[in-house]
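Here's the structure we're looking at; comments come further down.
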Amino acid sequence: MLSVKKNEPVEFQDSLIKEFDAIVQRYPEGRQKSALLPILHLVQAQYGWLSVGAMDKVAVYLKIEPIEVYEVATFYTMFFLQPQGKYVLEVCRTGPCCLVGAEKIMAHIEKRLGVKENEVTPDGLFSWRGIECVAACGMGPVLQIGPDYTYYENLTEESVDRLIETLKNKEN
Amino acid sequence: MARKLLLEHIDVPYINTLEVYRQKGGYRAVEKALKKLSPDDVVEEVKKSGLRGRGGAGFPTGMKWSFLAKPEGVPRYLVCNADESEPGTFKDRFLMTYIPHALIEGMIVSSYALGAKTSYIYVRGEMMPQIKILERAIEEAKAAGFLGKNILGSGYDLELYVQPGGGAYICGEETALLESLEGKRGNPRIKPPFPAVAGLYNCPTVVNNVESIAATVPILNMGGDEYAKIGIDRSTGTKLISASGNINNPGVFEIELGLPVEEFIYSDEYCGGITNGKRLKAVVAGGSSVPILPANLILKTAKGENRLMTYESLADGGFISGTMLGSGGFIAFDEDQCIVRNTWNFTRFYHHESCGQCSPCREGTGWMEKVLHRLEYGHGKMSDIDLLVDVSKKIEGNTICPLGDAAAWPVASAIRHFRDEFEWHVTNSDEAQIRNYGLAHYADPLTLAG
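Chains as they are written, first to last, in the working numbering: chain R, 1 to 172; chain F, 1 to 450.
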């Protein structure tokens, strides 16, 4: 849920602003709002989610109203409006993946991580959710992990366990 | 072995690089277009080829190009629709991953034909690896003089950029895509005006699918007339088909249009038959939005003729006994699959992806999902089946964009061809519940059972 009550200000690093500047150059003069989605992706990759403070800062940068940023951030499913686990396991739950076992994979992840969909594990490392078709239907079941959106294909319960262990070990 | 045009060099190591792509004849189409042909000549070649839009609608590409308004002093745009999100369809992701220069080359040729000086490839946001691949390929092409100012000394300038989406199926609809590219919610626009007159930034714009744009390269290389000799009737050329579901060889295949459906399913060159030797129950031939057909009707038309992989043959019989080629997202179901569960799954997708602009779609997809959910979980009534048909009819044709139709057709066709299975779910409710995994991911069935 988007809440403007806790509107803590955010300061973007100069390196991030430079990336914004490069993106804005792609569009005609006066059409800088086109940079909104690419910029929100960069902000989310940096902070893990989009706080109201960060979105307000984007609005200032693009010289648009904050509501214009909120309405976009709330429309597109890739943008997180709440803090997530460091690794968000997003499992495709649409037809073709379900034909080859996606629902079993989701049930297994829930059991393995011990948290329900959209909840964060106590160590802050993981959250998971079912998402709609990610265009990998022939390689299902499939999951993706942002911010690089790496795909893991032809999942089994064992390969999911190995993936979770690998990610955990990476943090230790 | 079928003729391949787009995937001819797919097995060549490093074909994703400019160097290897050029060794295999890459960028010949750009050189031919810019040095020997006028923009109108390129449009004419594409018209002659008979190429039809490969994103799903199947509208003739050359004709679409010729509609582009050309007012003086106003920029024109070409936007590539790479927002591949139709369940069952994954061909564009494959093409962009392994042969990115095929798309870049097609963008240059097509932009030249349309007089666009700036073009965008709108890629679904989840395809970040593909976005990086394309950006790298654009850098390579620019360094080699195929992009930027005065390309190959022709006086033609083109800048090409990649734009990420944000995860919304509706942005595959061309006007929603343009709204998104302008930094807004992906709400489809009312047409007319069509993008050819008022598109990106209110300027004349053509929006084409990845595969359509890539296909302009072999068309220019071989000539439109030669391309038109491949295929059957008005289904010319080759088509990428992404095959998934209960088949032995899921993947992306390039077929010559006109291949018999039976050969596509059972030949080792393509799907390799149904997994575990089971029987084929049904097929969704062109992505989840097209009508589902039972095995007998996907293999043969109602007249008993072999069904072919063409726009015309798959549509033979209309929506009573036929379907559509669509985007080429081919999903096969074996005899053990539950059509009710699959229909519910697809309907949940359309409910989730409805942009919310039109009441019939926003509300109707949700109602259909609820009714299908309670049928699947054993809480349905016999009258629910006709209720679903009624709601689907009230959505179809009553929305700004085709998402309403896309949501209605799977439901209507599933009930048309598999009504007994829906009735079984009502009369065998306990067994229906047992058959499910009982997952609580989606909603508590009891709260939806009213």
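We put the CB at the ideal spot given by N, CA and C, even for glycine.
Legend: CB atoms of the stretch 122-145 of chain F lying less than 8 Å from CB atoms of chain R belong to residues Arg124, Gly125, Glu126, Met127, Met128 and Pro129. Judged by DSSP in its simplified three-state form, R/Asp123 adopts coil rather than helix or strand.
Residues of the stretch 201-230 of chain F with a Cβ closer than 8 Å to any Cβ of chain R, in chain order: Tyr201.
Contact of R/Leu37 with chain F is assigned, a C-beta pair being separated by under 8 Å. Put simply, the backbone Cα of F/Ile320 is about 15 Å away from that of F/Gly304.
Listed as beta-bridge partners of F/Pro260 by DSSP are F/Leu308. Residues of the stretch 177-195 of chain F with a C-beta less than 8 Å from any C-beta of chain R: Ser180, Leu181, Glu182, Gly183, Lys184, Arg185 and Gly186, listed in chain order. In the assembly as shown, F/Phe59 is an exposed residue. Its beta-carbon has fewer than 16 other beta-carbons within 10 Å. The criterion of a C-beta distance shorter than 8 Å is satisfied by F/Glu126 and F/Gly167. For F/Asp405, the secondary structure class from DSSP, reduced to helix, strand or coil, is helix. Separation of the CB atoms of F/Ala285 and F/Phe330 is rounded to 6 Å, and the pair is thereby assigned contact status at 8 Å. Per DSSP, F/Ala332 is one residue of the beta strand (DSSP E) stretching across Gly329 to Asp334. Around the beta carbon of F/Glu396, 16 or more other beta carbons lie within 10 angstroms, which makes this residue buried.
Close to chain F, meaning a Cβ-Cβ distance shorter than 7 Å, are the following residues of the stretch 64-75 of chain R: Glu71, Val72 and Phe75. When the beta-carbon positions are compared, F/Tyr227 and F/Tyr161 stay at least 8 Å from each other.
For F/Pro164, the uninterrupted beta strand (DSSP E) run begins and ends at Glu159 to Pro164, by DSSP.
When DSSP states are grouped into helix, strand and coil, F/Val79 belongs to the strand group.
In the DSSP assignment, F/Phe253 is bridged to F/Ile241. Bounds of any alpha helix (DSSP H) do not take in R/Leu89; it lies within the beta strand (DSSP E) bounded by Tyr87 to Cys92.
Rounded to whole angstroms, R/Gly140 and F/Gly273 show a C-alpha spacing of 18 Å.
If you ignore the 5 residues before and after F/Leu181, its C-beta comes within less than 7 Å of the C-beta of Val79, Tyr120, Tyr122, Gln163 and Leu200, all in its own chain and listed in chain order. A direct Cα-Cα distance of roughly 38 Å separates F/Gly380 from R/Gly85.
Contact annotation: in the stretch 87-103 of chain F, residues whose CB is within less than 8 Å of a CB in chain R are Pro87, Gly88, Thr89, Phe90, Asp92 and Arg93. As DSSP reads the structure, F/Ala282 sits in a beta bridge with F/Pro294 and F/Phe333. The beta carbon of F/Glu421 is closer than 7 Å to those of Ile339 and Val340 in its chain, skipping five residues each way along the sequence. Positions of the alpha helix (DSSP H) runs, each at least 4 residues long and wholly inside the stretch 35-119 of chain F, are given as 39-49, 61-66, 91-98 and 100-114 in order along the chain. Against F/Ala168, the close residues of chain R are Phe75, Tyr76 and Thr77, in the order they occur along the chain (beta-carbon pairs closer than 8 Å). Counting the other Cβ atoms within 10 Å of the Cβ of F/Ile104 gives 16 or more, which makes it buried.
Within chain R, the residues Gly95, Pro96, Leu99 and Cys137 have their CB atoms less than 8 Å from the CB of F/Ile331, given in chain order. The Cβ-Cβ distance between F/Gly245 and R/Leu99 falls below 8 Å. F/Gly26 is positioned such that its CB atom lies no closer than 8 Å to that of F/Ser212.
Chain F has no Cβ within less than 8 Å of the Cβ of R/Ser51. Between F/Phe349 and R/Glu132, the gap from beta carbon to beta carbon is short of 8 Å. Below the 8 Å Cβ cutoff, chain F contributes Met128 and Pro129 as neighbours of R/Asp148, in chain order. Residue contact check for R/Lys170 against chain F: no CB pair falls below 8 Å.
Closest by C-alpha distance to F/Arg234, out of F/Asn150, F/Tyr112, F/Leu325 and F/Gly287, is F/Leu325.
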